[in-house]
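**Q** First the structure, which I've put down as structure tokens, then a few questions once you've had a look.
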Amino acid sequence: MSHAEVEASVHAAIARLHAAMAKVANGDVSAIKALYSHSDDATSFYGWGGYEKGWPAVSQRWDWAGAQFTGGTVRYENVSTVITPELFYVTDIETFENQRVADAENITGWSNRVTHIFRKEAGEWRLLHRHGNRLESQYQPSTRLAK
């Protein structure tokens, strides 16, 4: 595969990721679960605490995450994309505007800083890892560390 072909396939995978996350914002996790690697080394560090390793745990966490939303949107601002023939990662600012199941009367907005790592599996890009946490202003560590 030429460099241009690899780049085109990466951009197509990113488009699938964004489309899948738009469905997540509306409570549907089927597309993100289809995009994710179903391997034992698949991992997730989501913004609502904890972490998962292995497809069964990652899959359950997506089900839980999708159940939190009833409707909304998500948009991305790319920070960086690094591409190799077998792996790529993308860092973004991800901004949700959602109705949450716990507060369906109101729209809640927030931004995350996210990293998505993809790996080629059987010729297809699969999401191997997602790390997302709330975007915050820089702060002094001493303001958050236990004394």
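Once you know that position 3 of the sequence shown is 3 in the UniProt record's numbering, the rest is easy, because the numbers rise by one and skip nothing. Here a beta-carbon is modelled for each residue, glycine too, at the ideal position from N, C-alpha and C.
Kindly confirm or deny that the region 49-59 and the region 132-147 touch, where touching means at least three C-beta pairs closer than 8 angstroms.
**A** Too few Cβ pairs lie closer than 8 angstroms, so no.
**Q** Beta carbon of ARG100, beta carbon of SER44: below 8 angstroms?
**A** Result no, Cβ atoms of ARG100 and SER44 do not sit closer than 8 angstroms.
**Q** Put GLY61 into one of helix, strand or coil per three-state DSSP.
**A** In the sequence as displayed, the identity of residue 61 is Arg instead of Gly. In this structure, ARG61 counts as helix in the three-state DSSP scheme.
**Q** Based on DSSP bridge pairs, tell me the residues matched to ASN133.
**A** According to DSSP, ASN133 bridges with ARG113.
**Q** Within the continuous beta strand (DSSP E) that includes GLU77, where are the two ends?
**A** Looking at the DSSP string, the run of the beta strand (DSSP E) that includes GLU77 is 69-83.
**Q** How many angstroms separate the CA atom of VAL24 from the CA atom of MET1?
**A** Rounded to whole angstroms, VAL24 to MET1 spans 32 angstroms at the Cα level.
**Q** Can you list, in chain order, the residues of its chain with a C-beta nearer than 7 angstroms to that of ASP92? Leave out the 5 residues immediately preceding and following it.
**A** Excluding positions up to five away in sequence, the list reads TYR76, GLU77, ASN78, VAL79 and VAL114.
**Q** Which stretch, first to last residue, makes up the alpha helix (DSSP H) that contains SER9?
**A** Per DSSP, SER9 belongs to the alpha helix (DSSP H) from 3-24.
**Q** Going by the CB atoms, is the gap between VAL29 and ALA42 shorter than 8 angstroms?
**A** The answer is no: Cβ separation not under 8 angstroms.
**Q** Could you pull the start and end residues of the beta strand (DSSP E) that SER44 belongs to?
**A** Looking at the DSSP string, the run of the beta strand (DSSP E) that includes SER44 is 43-45.
**Q** Looking at the secondary structure, which residues open and close the alpha helix (DSSP H) in which ALA34 lies?
**A** ALA34 -> alpha helix (DSSP H) spans 30-35.
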